[in-house]
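Q: According to the numbering used here, the residues represented by the sequence shown are 2 to 162, in order.
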Amino acid sequence: MEKEYYKQPYHEPESQVPNPSFSEIMKDFFFAPFKWNARSTRKEFWISYAVQVVTSIIIGTIELLAILPYSSIDTNDTEWNELVSSITITFIIINIILSILLLWLKFNLLGAAIRRLHDTNHEGWWILLYLVPFGWIFIIYFIILPTVEEPVRWGNYLFTK
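1. Please state whether DSSP places Arg-43 in a helix, a strand or coil.
2. State the Cα-Cα distance for the pair Ala-67 and Ile-145, rounded to the nearest angstrom.
3. Using 8 angstroms for Cβ pairs, my map puts Asp-120 next to Thr-42. What's the rounded Cβ distance?
4. Alpha carbon to alpha carbon, how far is Arg-116 from Ser-57?
5. Assign Ser-119 to one of three DSSP states: helix, strand, or coil.
6. From the DSSP output, in three-state form, read off Lys-36 for me.
7. Please classify Ile-101 as buried or exposed, where buried requires at least 16 neighbouring CB atoms within 10 angstroms.
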């Protein structure tokens, strides 16, 4: 005899939200920053955010350590001329490369945030709330929201193609 309906164990419906691997997340984060017409899961966004923060700290530390030897020089004429002549073209090129990498990371995070807003069924234009005082609070709230499992206007997740 079958159990009565209310005594049967509960079986949650299967989630349609994919569970991306770390390599899929990194591939989408670094190589698809301008694909904004898609969606990102919470896991994908927060792992991308953590990677961006750690990488930015590492880049900032490298730039600081590169400049640190020059910070103890007074700016009188003789020492200033020595400082300017000691900065090599290699140092300048490395600094430019690190700055471009940092800018690329910021664009990647912008793309991930817009895709995350799409996943919560909000338009990507909500990201402009960052420009309003305390607008970031609403963005954080939207990003923390769970995934809308019904179809939304922005299509699929990048890694499910």
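Each residue gets a CB set at the ideal place from its N, CA and C atoms; glycine is no exception.
A: Looking at the atomic coordinates:
1. In the sequence shown, the residue the question calls residue 43 occupies position 42. Three-state result, Arg-43: helix.
2. Translated into the one-based positions of the sequence shown, residue 67 becomes position 66. Translated into the one-based positions of the sequence shown, residue 145 becomes position 144. Whole-angstrom Cα-Cα distance: 37 angstroms.
3. Within the sequence shown, numbered from 1, the residue matching residue 120 stands at position 119. Within the sequence shown, numbered from 1, the residue matching residue 42 stands at position 41. Indeed they touch by this definition, with Cβ atoms about 6 angstroms apart.
4. As a working note, residue 116 is residue 115 in the sequence shown. As a working note, residue 57 is residue 56 in the sequence shown. Distance between the alpha carbons of Arg-116 and Ser-57: 21 angstroms.
5. Locating residue 119 in the sequence shown gives position 118, where the first residue counts as 1. Here residue 119 turns out to be His, not Ser, going by the sequence shown. Helix.
6. On the sequence shown, residue 36 is found 35 positions in, with the first residue counted as 1. Lys-36 falls in the coil class under three-state DSSP.
7. The count along the sequence shown starts at 1 and reaches residue 101 at position 100. So Ile-101 ends up on the exposed side.
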